[in-house]
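2 protein chains.
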Amino acid sequence: MSIAKLISQYRDEINNRLANIYLDGPKSLTKPVGYVLNGSGKRLRPLLTIFSAEACGGSKEEVFSAALAVEVLHNFTLVHDDIMDQDHIRHGKETVHHKWDDGIAILTGDAMLSIALNLLNQSNVQHAQMNIFIKGLLAVCEGQAIDKEFETKNSVTLDEYQQMIDLKTGHMVGLAAELGAISAGVDFKTCHAIRDYGRLVGRAFQIQDDYLEIFSVSSMMGKSLRSDIILGKKTFLMIHALEKNGSRINHALKTAQIDYKKGIREIRDYIENEGINEIAREEINVILKLADGKLRGLPIDTEKLLYFSDLIKHRGH
Amino acid sequence: MSIAKLISQYRDEINNRLANIYLDGPKSLTKPVGYVLNGSGKRLRPLLTIFSAEACGGSKEEVFSAALAVEVLHNFTLVHDDIMDQDHIRHGKETVHHKWDDGIAILTGDAMLSIALNLLNQSNVQHAQMNIFIKGLLAVCEGQAIDKEFETKNSVTLDEYQQMIDLKTGHMVGLAAELGAISAGVDFKTCHAIRDYGRLVGRAFQIQDDYLEIFSVSSMMGKSLRSDIILGKKTFLMIHALEKNGSRINHALKTAQIDYKKGIREIRDYIENEGINEIAREEINVILKLADGKLRGLPIDTEKLLYFSDLIKHRGH
Chain A
765 MSIAKLISQY RDEINNRLAN IYLDGPKSLT KPVGYVLNGS GKRLRPLLTI
815 FSAEACGGSK EEVFSAALAV EVLHNFTLVH DDIMDQDHIR HGKETVHHKW
865 DDGIAILTGD AMLSIALNLL NQSNVQHAQM NIFIKGLLAV CEGQAIDKEF
915 ETKNSVTLDE YQQMIDLKTG HMVGLAAELG AISAGVDFKT CHAIRDYGRL
965 VGRAFQIQDD YLEIFSVSSM MGKSLRSDII LGKKTFLMIH ALEKNGSRIN
1015 HALKTAQIDY KKGIREIRDY IENEGINEIA REEINVILKL ADGKLRGLPI
1065 DTEKLLYFSD LIKHRGH
Chain V
765 MSIAKLISQY RDEINNRLAN IYLDGPKSLT KPVGYVLNGS GKRLRPLLTI
815 FSAEACGGSK EEVFSAALAV EVLHNFTLVH DDIMDQDHIR HGKETVHHKW
865 DDGIAILTGD AMLSIALNLL NQSNVQHAQM NIFIKGLLAV CEGQAIDKEF
915 ETKNSVTLDE YQQMIDLKTG HMVGLAAELG AISAGVDFKT CHAIRDYGRL
965 VGRAFQIQDD YLEIFSVSSM MGKSLRSDII LGKKTFLMIH ALEKNGSRIN
1015 HALKTAQIDY KKGIREIRDY IENEGINEIA REEINVILKL ADGKLRGLPI
1065 DTEKLLYFSD LIKHRGH
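Line by line, the protein sequences give chains A and V. Taking the numbering used here, the leading residue of the first sequence gets 765, the next gets one more, and so forth. Taking the numbering used here, the leading residue of the second sequence gets 765, the next gets one more, and so forth.
Following this line, the structure appears as structure tokens:
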């Protein structure tokens, strides 16, 4: 079977399990949890966990619960982040706090975290797996905290930005990859190399997200990009643009507060004219090459992982 | 050393460890986490974990991380619940979402959950301990969800109320007791009996909380009772009062929305005149007797646990 077909099959299996994961509880919780987990996410993280296990000679069955745990953990962060960022759309659907209310969304996230931990604890878990999962949870909280801190900072360096996305996005993608390797029982060094591969893929993924937020149609992203601009989020492209011409970009941001379309058009035009979009594309390619480099020489079958990073490279939403 | 002195000593040790538990991270997280964990909580749950371990022949040292984990888990629920309930005061201090904002409070709770899990994973943890901890997390979410559902229900039965507080409060107190027993390595039956003792203590504790919310001075409780009345929370005393004379109590609740003092005085007077406060006191005593009964015949030294339930019985805040 081709890897593309395999992905489609694995995705269906993941979706089927997620759809029925929490049915027995108060309706004000089971409904929003079901709503979130029936969303049309790309399921990239659990796919990576399974691919990582298979690359290391493990099986999908052994690692399936851990893969689901990562996906539920990821969705927990989305539900809570959407409250904080006041996003109204996620994966093309209303966000939980917007459809219900903030309280329901907080509880929905908390319950999902418990579900994620329970899935991980059901797997052929070692102490190490739980340990990195818990550390991953803290990393993602810290990344989001720093991201929020950036909103009110006038200037953020690219180094600071990278540290933030490594915590907020990279750490969890690294975790997804590492869980697969650990479950397959490969040596410590291989586990860490695969984790580092995942972290770099996560870093590239986030810069790409920043890129797509400015250059894709909002509906294709399935989330509203409006909030990021309005909130003054420091993305890869915005940091470059602010560094080049702070007063012009700040002026465009002010315009966007009043006339959103006009302000965002000014920012897009500036980014294109200055070639910042090309810088971003180049950066993504360099990071993904670095990621693939981490796999070189490992005693594993790298085919699916290389396919995965290539998939990330070419994603359009 | 007397048990009272021991409690004071243990509480100091708990507070010292909690004060320094999370120092290395983004300030927008370490500050509010430090603020919460430096609060003046009674530390009843970790004390129970330690007493339970000691009752079973275990030591404080072996169970200390797990005890702290329970306290941090408890405080996580308070931070998130206070957002949902719009409470402004907790333990005599401003709540996190009120002092900072909702986003900070959501993240603070999430980070605390990671800290709690990390503490538990550091202890001489068995798979079983993590398992019941994770289930406890879901139970407390479900309890809070049902509590919120009750706010918009006209009538709630005492049975429904009991199920709710067993999830929201009892489960975690049971967990605190059970973790101590498990860490001491006693048999399954004893662990479960001690857990059931804790659950009943938790149930009594919650009814007492309901009582104190109406009959204590707000500042003594260290939390604002205003919100519970305004939100239409279904407490033990309110359910009794509503069952006896729904129209009168609903009228007083409406009054409280406009003139809080007048409304609450009407409710207090009604509850006293009808002897509902006495019913609550009696209920607490009966449940605590049931709790102590769970310990009878166990191959443990029950002294500290019996002291603990007596402490709960006589608490004034």
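Cβ coordinates follow ideal geometry from the N, Cα and C atoms, glycine included.
Min CB distance residue i to chain A below 8 Å
i	result
lysine 912 (chain V)	yes
aspartate 923 (chain V)	no
serine 792 (chain V)	yes
methionine 936 (chain V)	no
alanine 875 (chain V)	yes
serine 947 (chain V)	no
Within-8 Å CB hit, residue i to chain C
i	result
glutamate 942 (chain A)	Looking for chain C here will not work: the only protein chains present are A and V.
Whole-angstrom distance between residue j and residue i, CA atom to CA atom
i	j	result
methionine 984 (chain A)	glutamate 1038 (chain A)	Residue placement at methionine 984 (chain A) is poorly supported in this model, since its pLDDT is 47, which falls under 50; the coordinates still yield a value, given next. Cα to Cα, the separation comes out at about 25 Å.
phenylalanine 1000 (chain A)	isoleucine 868 (chain V)	24 Å
leucine 770 (chain V)	serine 804 (chain V)	18 Å
alanine 909 (chain V)	proline 796 (chain A)	12 Å
valine 920 (chain V)	asparagine 918 (chain A)	52 Å
histidine 1004 (chain A)	leucine 1017 (chain V)	57 Å
serine 766 (chain V)	alanine 945 (chain A)	53 Å
valine 834 (chain A)	histidine 891 (chain V)	19 Å
valine 800 (chain V)	isoleucine 898 (chain V)	22 Å
isoleucine 847 (chain A)	glutamine 886 (chain A)	30 Å
glutamate 915 (chain V)	glycine 996 (chain V)	5 Å
tyrosine 786 (chain V)	threonine 794 (chain V)	6 Å
glutamate 825 (chain A)	glycine 934 (chain A)	25 Å
leucine 842 (chain V)	leucine 877 (chain V)	12 Å
aspartate 845 (chain V)	glycine 900 (chain V)	16 Å
arginine 1159 (chain A)	alanine 880 (chain V)	Since the first residue of chain A shown is 765 and the last is 1081, residue 1159 (chain A) is not available in this structure.
asparagine 779 (chain V)	leucine 884 (chain A)	31 Å
lysine 1008 (chain V)	histidine 1015 (chain V)	13 Å
tryptophan 1084 (chain A)	valine 827 (chain V)	Any question about residue 1084 (chain A) goes unanswered here, given that chain A covers just 765 to 1081.
phenylalanine 1072 (chain V)	threonine 859 (chain A)	45 Å
alanine 819 (chain V)	serine 772 (chain V)	18 Å
isoleucine 1051 (chain A)	aspartate 911 (chain A)	21 Å
alanine 783 (chain V)	glutamate 906 (chain V)	29 Å
aspartate 951 (chain V)	aspartate 951 (chain A)	37 Å
asparagine 895 (chain V)	asparagine 895 (chain A)	14 Å
aspartate 973 (chain A)	isoleucine 929 (chain V)	43 Å
glycine 1027 (chain A)	lysine 806 (chain V)	53 Å
asparagine 1041 (chain A)	lysine 1053 (chain A)	19 Å
N- and C-terminal bounds of the alpha helix (DSSP H) containing residue i
i	result
glutamate 1038 (chain V)	Note, glutamate 1038 (chain V): premise wrong, no alpha helix (DSSP H); not H, not E.
valine 965 (chain A)	952-979
methionine 1104 (chain A)	With chain A running from 765 to 1081 in the structure shown, residue 1104 (chain A) is simply not present.
isoleucine 785 (chain A)	Run containing isoleucine 785 (chain A): none; DSSP gives neither H nor E here.
histidine 811 (chain A)	Note on residue identity: the sequence assigns leucine, not histidine, to residue 811 (chain A). Counting along the chain, the alpha helix (DSSP H) containing leucine 811 (chain A) begins and ends at 808-819.
histidine 891 (chain V)	891-915
aspartate 1074 (chain A)	1067-1077
glycine 1010 (chain V)	1000-1022
Interface flag, residue i vs chain V, CB-CB below 8 Å
i	result
histidine 844 (chain A)	yes
serine 983 (chain A)	Confidence at serine 983 (chain A) is low in this model, with a pLDDT of 40, below 50, so the placement of that residue is unreliable and no value is reported for it.
glutamine 773 (chain A)	no
aspartate 908 (chain A)	A small fix is needed here, since residue 908 (chain A) is glutamine in this sequence, not aspartate. Taking Cβ atoms only, chain V reaches closer than 8 Å to glutamine 908 (chain A), which makes this a yes.
glycine 789 (chain A)	yes
cysteine 905 (chain A)	yes
alanine 831 (chain A)	no
aspartate 866 (chain A)	yes
leucine 881 (chain A)	yes
asparagine 885 (chain A)	yes
asparagine 918 (chain A)	no
isoleucine 870 (chain A)	yes
asparagine 895 (chain A)	yes
isoleucine 847 (chain A)	yes
Closer than 7 Å: residue i CB and nearest the ligand ADP heavy atom
i	result
isoleucine 778 (chain A)	Of ligands this structure carries none, so the ligand ADP is not represented either.
* To do: Taking 8 Å as the threshold, find out whether the segment 949-960 of chain V comes into contact with the segment 1056-1071 of chain V through three or more Cβ pairs.
  => yes
* **Minimum length 4: unbroken alpha helix (DSSP H) runs contained in the segment 829-888 of chain V** => 860-863, 866-886
* To do: Spell out a yes or no on whether the segment 1068-1081 of chain A and the segment 799-815 of chain A are touching, meaning 3 or more CB-CB pairs, one atom from each, closer than 8 Å.
  => yes
* Does the count of Cβ pairs from the segment 958-977 of chain A and the segment 933-950 of chain A closer than 8 Å reach three? -> yes
* Could you pull out every unbroken alpha helix (DSSP H) segment of at least 4 residues lying fully inside the segment 918-957 of chain V, listed in chain order? => 922-929, 935-947
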